[in-house]
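Enquirer: Residue numbers (the working numbering), protein chains in the order written: chain A, 13 to 507; chain B, 75 to 496.
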Amino acid sequence: MKMPELDADVLARRREIVQALRRIVPGEGVIDSEDEMRVFESDGLTAYRTVPMVVVLPENTGQISRVLRYCHEHKIKVVPRGAGTSLSGGALPLGDGVLLGLAKLNRILEIDHDNRCARVQPGVTNLGITQAVAHDGWYYAPDPSSQIACTIGGNVAENSGGVHCLKYGLTTNNLLGVEMVLMDGEVVRLGGKHLDADGYDLLGVITGSEGLLGVVTEVTVRLLRTPEATRAMLLGFPSVEAGGDCVARIIAAGIVPAGLEMMDRPAIHAAEDFVQAGYPRDVESLLIVEVDGPPAEIDALIPRLQEIAREAGAVTMRVSEDDDERARFWAGRKAAFPAVGRISPDYYCMDGTIPRGRLPEVLTRTTELSAQFGLRVANVFHAGDGNLHPLILYDANNPGELEKAEEFGAEILKLCVEVGGVLTGEHGVGVEKRDLMEVQFGEDDLKQQQRLKCAFDPEGLLNPGKMFPRLHRCAELGRMHIHHGQMPFPDIPRF
Amino acid sequence: MSGAQAFRPETDDQLLEAVRWLVSEDAPAELVGRGTKRRFGRPMQTEHTLDLSALAGIRLYEPDELVLSAGPGTPMADIEAALAEARQMLAFEPPDLSALLAGGDPDAAGGQRRDSLGGVIACNLAGPRRVTAGAARDHVLGVEGVGGHAMVFKTGGRVVKNVTGYDLSKLLTGSHGTLAAMTHLTVKVLPAPETEATLVLSDTDLADAGRLLTTGMAEPAAVSGAAWLPGRLAAGSFGDVGAGVVLLRLEGFAASVADRQAALAGRLGAGRLGAERSLTVLDAEAPADRWRGLRDALPLTVLNADAPLWRISVPPSAGAWILQALLRPETDDIGLLDWGGGLIWLAVDVAAPEGDAGETRVRAALAAVGGHATLVRAPDPIRAAAPVFQPQPSALAALTARVKESFDPKHLLNPGRMYAGI
Ligand SMILES: Cc1cc2nc3c(=O)[nH]c(=O)nc-3n(C[C@H](O)[C@H](O)[C@H](O)COP(=O)(O)OP(=O)(O)OC[C@H]3O[C@@H](n4cnc5c(N)ncnc54)[C@H](O)[C@@H]3O)c2cc1C
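#1: Let me check you understand the geometry: is the CB of A/E444 closer than 7 Å to at least one non-hydrogen atom of ligand 1?
#2: Jot down the residue ranges of each uninterrupted beta strand (DSSP E) in the segment 183-221 of chain B, minimum 3 residues, whole runs only, in chain order.
#3: Starting from B/R133, find everything on chain A with Cβ-Cβ shorter than 8 Å and list it in chain order.
#4: Given a cut-off of 8 Å, decide if B/V376 and B/G445 are closer than it, judged by their beta-carbon atoms.
#5: Considering just the uninterrupted stretch of the beta strand (DSSP E) at A/T242, what are its terminal residues?
#6: Could you pull out every unbroken beta strand (DSSP E) segment of at least 3 residues lying fully inside the segment 250-306 of chain A, listed in chain order?
#7: So is B/A494 buried or exposed if we call it buried at 16+ other beta carbons inside 10 Å?
#8: Compute the Euclidean distance between the alpha carbons of B/M75 and A/H495, then round it to the nearest angstrom.
#9: For chain A, check one thing: does any of its Cβ atoms lie closer than 8 Å to the Cβ of B/E479?
#10: Does any heavy atom of ligand 1 sit closer than 7 Å to the C-beta of A/T97?
#11: How about A/K416: is its Cβ closer than 7 Å to a heavy atom in ligand 1?
#12: Just to confirm before moving on: does the CB-CB distance between B/V331 and B/E270 stay below 8 Å?
#13: Nearest by alpha-carbon distance to B/L105: which of B/R232, B/T288, B/L253 is it?
#14: Hey, how far is the Cα of A/G490 from the Cα of A/V168?
#15: Does any CB atom of chain A fall closer than 8 Å to the CB of B/F227?
#16: Given this structure, state the Cα-to-Cα distance separating A/V156 from A/W342, to the nearest angstrom.
#17: Measuring CB to CB, does A/N185 end up less than 8 Å from B/G208?
#18: Residues of the segment 206-231 of chain B in Cβ contact with chain A at a cutoff of 8 Å, in chain order, please.
#19: Answer with yes or no whether the minimum CB distance from B/S311 to chain A is below 8 Å.
#20: Could you run through the segment 153-171 of chain B and flag, in chain order, every residue whose CB is less than 9 Å away from some CB of chain A?
#21: When Cβ atoms are compared, which residues of the segment 234-259 of chain B fall closer than 7 Å to chain A?
#22: Quick one: which unbroken beta strand (DSSP E) runs of 3-plus residues sit fully inside the segment 370-408 of chain A? Chain order, please.
#23: Determine the closest residue to A/V68 out of A/R34, A/A95, A/L57, with distance taken between C-alpha atoms.
#24: Going along chain A in order, which residues have a C-beta closer than 8 Å to the C-beta of B/A292?
#25: Any beta carbon of chain B sitting closer than 8 Å to that of A/H86?
#26: Round the Cβ separation of A/D335 and A/Y406 to the nearest angstrom and send it over; I've been treating them as touching at under 8 Å.
#27: Count the CB pairs spanning the segment 407-417 of chain B and the segment 449-465 of chain B that are closer than 8 Å, and state whether there are at least three.
#28: Using a Cβ-Cβ cut-off of 8 Å, state whether A/Y60 counts as contacting chain B.
#29: Give the C-beta separation of B/T85 and B/A103 to the nearest angstrom, bearing in mind that I take them to be a contact with Cβ-Cβ under 8 Å.
#30: Let me know if A/M275 comes out buried or exposed under the rule of 16 or more other beta-carbons within 10 Å of its beta-carbon.
#31: A/S382: beta carbon under 7 Å from a heavy atom of ligand 1?
#32: According to DSSP, is B/M75 helix, strand or coil?
#33: Just curious, the alpha helix (DSSP H) that A/C129 is in, first and last residue?
#34: Under 8 Å between C-beta atoms, does A/N185 make it to chain B?
#35: Starting from the beta carbon of B/W395, find every residue of chain A whose beta carbon is closer than 7 Å, and list them in chain order.
#36: Ligand 1 and A/R345: does any heavy atom of the ligand fall closer than 7 Å to the residue's C-beta?
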C-alpha cells in the first residue's frame with residue numbers, strides 16, 4: 013500500500029513539534045515513546061501498521077482547535093482516531109503525522125427527552141449512548157456489531173450501519189448536529205436540536221467523510237423510544253435463491269422488518285459449530301427476520317411473515333417465544349465473524365452492496381472465484397438492504413496468501429459494482445479500498461469529490477492517503493478548461 | 075452572443091454543452107424545473123435560463139428493490155402515480171408549494187401537484203412525516219449532474235447502504251441549484267402505510283399545543299404527523315375547533331394503528347394535561363386530504379396572498395412558545411406548527427407591515443434556542459434586501475463560500491439564490 017511520502021522536514025522537527033503540542037495538551041496527553049505509541053499503530057484492519065510520529069490525546073474542543081491550527085501552520089499531517097475499530101484502515105497512522113485520539117472526550121453532555129435527542133462528546137461509545145437513556149425507555153438506533161467499543165465520532169466519520177438500519181437508517185439518518193474543527197482550527201457547528209441543518213447539507217457530507225474533512229468534537233443524535241416488543245423468526249431455505257425470494261416478497265408485501273439478515277451454508281455451519289444457536293445445518297440459506305413495535309402489530313405481522321416464508325419455500329421456520337430465544341437466534345449471526353475466525357487462522361471481511369435481486373448471481377460467481385483462488389468464503393448478508401459481507405478465509409503465515417485474499421476480495425467488490433452496487437456499504441474506503449475507487453467512479457467524479465476536500469482542507473493535511481487513489485493539488489483541480497469566448501453558440505432547443 | 079438565452083436541453087449532452095457555453099461566456103443562469111418555486115429564495119439578476127423540464131421521465135422503478143430513478147424535470151404527479159400503483163411512496167412526504175408561491179387555485183391542476191422531482195430535491199422539502207421518515211436528503215441515493223466546471227459527475231448510487239466516497243448527493247439536495255444542474259436522480263421509496271388514523275384534539279391553544287405535541291411525540295405510539303392549527307386556519311378543514319386543533323397521525327398496519335390509537339388517546343384524552351378538550355378520531359377515509367393540505371401549507375392560502383411567510387425550524391419543544399412570541403399583539407399575525415412543534419409557519423399581517431417582513435424579530439427569537447428561519451414568501455424587493463435564509467456565523471459562511479466555489483467557481487449556477495455572493 014503506497015502512502016504519502018514521509019515529510020523529512022517535519023520528521024527533522026519532531027522534538028520541537030512534540031514540545032509545542034505539550035504546551036497545548038499538558039500532562040499525559042502527548043505520547044512520543046515508540047513503545048507507548050505501538051497500541052495505536054493500526055485499527056481494525058490489522059494487516060496495515062505504522063507507528064505515528066506522535067500521539068495527542070486532547071480533552072476538549074479548545075485543545076483540538078489549537079492542535080489543528082498548529083499543525084496547519086507547520087504543515088503537519090493529522091489522523092483522527094476514535095476507538096480504532098475501523099475495518100478499512102481509516103485510522104491508520106502516518107509515520108510523519110500526529111495521531112489525534114479522541115477517546116478522552118467521553119462525556120454525555122445532555123439528554124433532552126422533550127426534543128428526543130442527546131448531545132455527546134465524540135469519544136462516547138455507540139452503546140454508551142443507549143445505556144445512558146435506556147432506563148427511561150429510549151435508545152440510539154444505529155447498532156454496529158462493534159458498538160461496545162466504537163465511538164460515536166468514528167460512527168459519524170464512517171456513517172456506520174447496523175443490523176437494524178433497514179428500518180431505522182444509518183448514522184447519517186440519526187444525527188441532528190455536530191460541532192467540528194476544521195484543519196485550520198476554525199470551529200463550526202452544523203445543525204442542532206432542530207430538524208434540517210440550514211444552508212448546504214454539510215452535516216450530510218461530514219458523515220461518512222472518514223476523518224478527511226474535519227474533526228468531530230460534539231454530536232447531537234436523535235433518540236427513539238425503545239420498541240414495546242420485539243420478536244424474531246428463523247427461516248431456513250433449500251437454496252440461496254429461495255431465501256432471496258423470501259426477502260423480496262416480504263418487501264413487496266409492504267413490510268419493512270427491523271432486521272433482515274441472511275447467512276449462507278458455510279457461515280451457518282461455522283456459527284453453529286461455535287455457539288450452538290440451534291441453526292439447521294441442512295439448509296443453503298438462513299434468514300433472521302426481526303419485527304418490533306406494539307404487540308398488536310407484531311401479532312399481526314408474524315402470521316403474514318409465516319405465510320410469505322411458506323410461499324417462498326422455507327423448510328425451517330421458528331418464531332421466538334421470548335427474548336432469550338430471540339437472543340439465541342441472533343447469537344450465531346452476531347458471532348459469525350469470530351466463528352469464522354475459529355475455522356481459519358485469518359479472515360478478511362468484505363463489505364460491498366448490491367441490488368438485492370442480484371444476490372444469487374453474485375453468490376454463484378463468488379463461489380467460482382473461491383475455487384479459482386483456492387480460498388474458502390462464508391457469506392453473511394444484511395439482506396434487507398443488499399449489504400454483503402463475504403468473509404474470505406486465509407492463513408497469513410502462508411506466504412502470498414494475504415495478497416491472494418486481497419485480490420479475491422477486490423474481485424468480489426468489482427463484481428458488486430458490475431451488478432449495479434458499490435464498493436462499501438458501511439466499513440468505508442480508507443486505505444483498503446482506496447485503489448479500487450476508480451472501479452466505481454470516473455475521473456471527473458473523483459475530481460469533484462476532491463474539490464470538495466479542498467474546500468475543507470486545501471493543504472491536504474487531514475488524513476491524507478485515505479479514500480482517494482491519486483492526490484491532486486487543489487490549484488490543479490480548480491483549473492477551468494474552457495475559456496472566455498471559446499465555445500460556439502450551442503444548438504440546443506429553447507423555450 | 076447577445077440576448078437572454080433560455081436553453082431547454084433534451085439530453086445530458088445538450089445540457090453539458092449549454093453549461094460549457096455559460097462558462098465560456100461567463101454568463102450566469104437561472105436553473106428551472108417546472109417553475110413552481112421560482113420565487114423561493116433570493117431574486118436573481120441572471121440573464122439566461124437553463125430549463126431542465128425536458129430532462130424528464132422515470133428511468134428505473136423497481137418496487138422490490140425500493141428504488142426509483144428519474145430525470146429532474148419529471149412531474150411529481152407522475153412519480154406519485156407510479157408509486158401509488160405499487161402501493162409505495164416517497165416517505166418524506168414532499169410538499170408542493172405551488173399554491174403558496176405561484177399563486178392560483180390549488181385545484182386548478184385537478185388536484186394534481188405541479189412541481190418536479192428536481193425541484194423537490196433541490197429545495198430539500200419534506201412534509202409532516204419528516205418527524206419519523208427524515209427529509210428529502212435522507213431518501214436521495216444518487217445524483218448525476220453537471221457542475222460549474224462544465225463536467226458531468228455522479229455521486230452515490232442506487233443502493234441504500236453506500237459509504238463509498240463523500241455523500242455529495244446530500245450536499246446537492248437542498249443546494250437550490252447553486253452547485254450543479256442535476257440530470258439524474260435516484261431515490262429510495264418505501265411501502266405506503268396500510269392505513270392511518272388521526273387524533274384530533276380541539277379547543278387547544280398554543281400553550282396546550284406545546285405540551286400535547288411534545289408528549290405525543292415522546293409516546294411509543296410512533297406518531298408520524300404532529301401539528302397544530304389555530305381556529306382560524308383550521309376552520310376550512312375542521313369546522314369550529316375553538317382556539318385551535320392538535321392533530322396526531324398514526325400510520326401502519328390496521329391492527330397496530332388501532333392499538334396505538336387507543337393507547338395514545340388514553341394518554342392525551344380529556345382530563346389529562348390540563349384543559350378540557352374534545353378528542354375525536356378521523357379514520358383512514360378522512361385524514362389523507364387534510365394531511366396533504368397541511369403538507370402543502372394550504373391552510374395559509376386563506377390569508378392575503380401578499381402576507382410574508384416564514385418557515386422556521388426550531389427544537390420541537392420550543393415551537394409553541396416561539397410562535398406565541400412571534401405573534402404581535404393587536405395584529406393579525408398568525409401561524410401554525412408542524413413536525414411536533416419543530417416547524418413553524420408564520421404569516422405576517424399585511425395590515426401591520428414591517429420593512430423587513432419581520433426578519434429582525436424572527437432572527438432574534440431564534441437566537442436563544444437555535445434553529446433557522448426561511449422567508450418563503452415576500453415581495454421581491456424585501457427578499458433581495460433581507461437575508462432569505464438564515465445568516466451563518468463567519469467561519470461557516472466562509473466554508474459555505476468555499477463549497478460553492480468547489481462546484482461552481484465562476485458562480486454561474488443560480489448565483490445569489492441562497493446567499494448574496496454565493
Ligand atoms: C468486530 C467489528 C464489527 C464491526 N461491525 C460493524 C458494523 O456492524 N457496522 C459498521 O458500520 N461498522 C462495523 N465495524 C467497523 C467500525 O466499528 C466502525 O467503522 C466504527 O464506526 C469505527 O469507530 P471507531 O471509533 O473505532 O473509529 P476509528 O476506527 O478510530 O476511526 C474510523 C475513521 O473515523 C475517523 N474518525 C474517528 N473519530 C473521528 C472524529 N471524532 N472526527 C473525525 N474523524 C474521526 C478516523 O480518522 C478514521 O478514518 C466493525 C468493526 C469491528 C472490529
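Idealized CB from N, CA, C, for every residue including glycine.
Expert: By the coordinates alone:
#1: As a position in the first sequence, residue 444 of chain A is number 432, starting the count at 1. Not under cutoff, so the answer is no.
#2: 214-221
#3: Indexing the second sequence from 1 puts residue 133 of chain B at position 59. Those within 8 Å of B/R133 in chain A number zero; the least Cβ separation is about 13 Å.
#4: The residue labelled residue 445 of chain B in the question sits at position 371 within the second sequence. The residue labelled residue 376 of chain B in the question sits at position 302 within the second sequence. Going by C-beta atoms, B/G445 is not nearer than 8 Å to B/V376.
#5: Locating residue 242 of chain A in the first sequence gives position 230, counting from the first residue. 241-249 is the extent of the beta strand (DSSP E) around A/T242.
#6: 271-276, 297-305
#7: Start at 1 with the first residue of the second sequence, and residue 494 of chain B comes out as number 420. B/A494 comes out exposed.
#8: Stepping through the second sequence from its first residue, residue 75 of chain B is reached at position 1. Stepping through the first sequence from its first residue, residue 495 of chain A is reached at position 483. The predicted model places B/M75 with a pLDDT of 48, which falls under 50 and marks its position as unreliable; any figure quoted below should be read in that light. For B/M75 and A/H495, the distance between alpha carbons rounds to 15 Å.
#9: Residue mapping note: residue 479 of chain B aligns to position 405 of the second sequence, counting from 1. So yes, B/E479 belongs to the interface.
#10: By one-based count along the first sequence, residue 97 of chain A stands at place 85. Flag set: Cβ of A/T97 near ligand 1.
#11: Position 404 of the first sequence, counting from 1, holds the residue named residue 416 of chain A. Result no, Cβ not under 7 Å from ligand 1.
#12: Taking the first residue of the second sequence as 1, we reach residue 331 of chain B at position 257. Taking the first residue of the second sequence as 1, we reach residue 270 of chain B at position 196. It is a contact, given that the beta carbons lie within the stated cut-off.
#13: If you number the second sequence from 1, residue 105 of chain B lands on position 31. That would be B/L253, whose Cα lies nearest to the Cα of B/L105.
#14: For the purposes of this step, residue 490 of chain A is identified with residue 478 of the first sequence, where counting begins at 1. For the purposes of this step, residue 168 of chain A is identified with residue 156 of the first sequence, where counting begins at 1. Those two C-alpha atoms are separated by around 28 Å.
#15: Position 153 of the second sequence, counted from the first residue, corresponds to residue 227 of chain B. Yes, B/F227 lies at the interface with chain A (some Cβ there is under 8 Å from its Cβ).
#16: Position 144 of the first sequence holds residue 156 of chain A. Position 330 of the first sequence holds residue 342 of chain A. Inspection of the sequence shows that residue 156 of chain A is occupied by Pro rather than by Val. Answer to the nearest angstrom: the Cα atoms are 14 Å apart.
#17: Numbered from its first residue, the first sequence carries residue 185 of chain A at position 173. Numbered from its first residue, the second sequence carries residue 208 of chain B at position 134. Cβ atoms of A/N185 and B/G208: closer than 8 Å.
#18: G208, A209, R211, D212, G221, H223, A224, M225, V226, F227, K228, T229, G231
#19: Residue 311 of chain B sits at position 237 when you count from the first residue of the second sequence. Taking Cβ atoms only, chain A never reaches closer than 8 Å to B/S311, which makes this a no.
#20: A160, R161, Q162
#21: V234, K235, N236, V237, T238, G239, Y240, D241, L242, K244, L245, T247, G248, S249
#22: 389-394, 399-406
#23: As a first step, residue 68 of chain A must be located in the first sequence, where it is residue number 56. That would be A/R34, whose Cα lies nearest to the Cα of A/V68.
#24: On the second sequence, position 218 is the one that residue 292 of chain B refers to. Per Cβ cutoff of 8 Å: H125, D126, R128, R237.
#25: In the first sequence, residue 86 of chain A corresponds to position 74, counting from 1. Not an interface residue.
#26: Locating residue 335 of chain A in the first sequence gives position 323, where the first residue counts as 1. Locating residue 406 of chain A in the first sequence gives position 394, where the first residue counts as 1. Not quite, the Cβ-Cβ distance comes to about 37 Å (not below 8 Å), so this is no contact.
#27: no
#28: For the purposes of this step, residue 60 of chain A is taken as residue 48 along the first sequence, with counting starting at 1. A/Y60 does not count as touching chain B.
#29: To locate residue 85 of chain B, count along the second sequence from 1; it is residue 11. To locate residue 103 of chain B, count along the second sequence from 1; it is residue 29. Actually they do not touch by this definition, with Cβ atoms about 18 Å apart.
#30: Within the first sequence, residue 275 of chain A is the residue found at index 263, counting from 1. It is buried - the Cβ of A/M275 has at least 16 other Cβ atoms within 10 Å.
#31: Position 370 of the first sequence holds residue 382 of chain A. No, the Cβ of A/S382 stays beyond 7 Å of every heavy atom of ligand 1.
#32: Counted from its first residue, the second sequence places residue 75 of chain B at position 1. Only weak support exists for where B/M75 lies, its pLDDT of 48 falling under 50; the value from the coordinates is given anyway. B/M75: coil per DSSP, three-state reduction.
#33: Reading the first sequence from its first residue, position 117 is the one you call residue 129 of chain A. First-last for A/C129: 129-132, but that is the beta strand (DSSP E), not the alpha helix (DSSP H).
#34: To locate residue 185 of chain A, count along the first sequence from 1; it is residue 173. Taking Cβ atoms only, chain B reaches closer than 8 Å to A/N185, which makes this a yes.
#35: Along the second sequence, read from residue 1 onward, the residue named residue 395 of chain B stands at position 321. In chain order: nothing, as chain A lies at least about 12 Å away.
#36: Within the first sequence, numbered from 1, the residue matching residue 345 of chain A stands at position 333. For ligand 1, not one heavy atom lies less than 7 Å from the Cβ of A/R345.
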